[in-house]
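Notes follow the structure.
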Amino acid sequence: MSNGRSRRAAEVPPRCVYLRGRAGSTGRRVAMTDGTQKPNAVVTFSPENITFVGAEGETVMAIADRHGVPIATRCHGEARCGACLVLVLAGAENLGPVRIDERDHLARPGHRLACRARVFGPVVVRRVHDPGPGSGPPPGSSNESSTA
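If you want it as structure tokens, here you go:
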């Protein structure tokens, strides 16, 4: 299966994918979705105070990925690794219910997986795990190299 995430995986350290882009600046920016989607999902990433609008029911990760906000993931959004954990600072009532596959990764109240949290209104989140290159794979994980 060839998709954009597979290509990204080859460009970063093995076993980790870092979704990164242009959203690292300070100040508030709002990026609207294209005209084919209802812009009801509003996600603000703290502490950067950057805001993006997506379609109602889209996941936090999908909105972040489309707008270049870095989100760490090892499982490409399949709720297996827990790397995309976010702390919901405001608007938890505007997220869909916690799904069964997400529940095991939520150690504290207010945490959600970005790959599973569907947005239906304004929310403010803070990424729990550093998506930067220094975070790398967890200790003891295999570090296979790809020679594609």
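Reading the sequence shown from the start, the letters are residues 7 to 154 in the numbering used here.
All C-beta atoms, glycine included, are put in the ideal place defined by N, C-alpha and C.
Beta-carbon gap between residue i and residue j smaller than 8 angstroms
i: Val-125; j: Val-75; result: no
i: Val-94; j: Gly-116; result: yes
i: Ile-52; j: Arg-122; result: For the record, residue 52 in the displayed sequence is Ser; it is not Ile. No, they are not a contact pair.
i: Ala-47; j: Ile-69; result: yes
i: Ala-96; j: Val-129; result: yes
i: Phe-58; j: His-82; result: no
i: Ala-120; j: Val-92; result: yes
Counted within 10 angstroms of its Cβ, other Cβ atoms place residue i as buried (16 or more) or exposed
i: Ile-106; result: exposed
i: Arg-109; result: exposed
i: Gly-127; result: exposed
i: Asn-55; result: exposed
i: Arg-118; result: buried
i: Val-36; result: At Val-36, the pLDDT of 43 sits below 50, so the modelled position is not reliable; the number obtained from the coordinates is stated separately. It is exposed - the Cβ of Val-36 has fewer than 16 other Cβ atoms within 10 Å.
i: Gly-88; result: buried
i: Glu-99; result: exposed
i: Glu-64; result: buried
Residue i - partner residues in DSSP beta bridges
i: Gly-60; result: Ala-47
i: Val-125; result: Leu-101
i: Val-92; result: Arg-118, Arg-133
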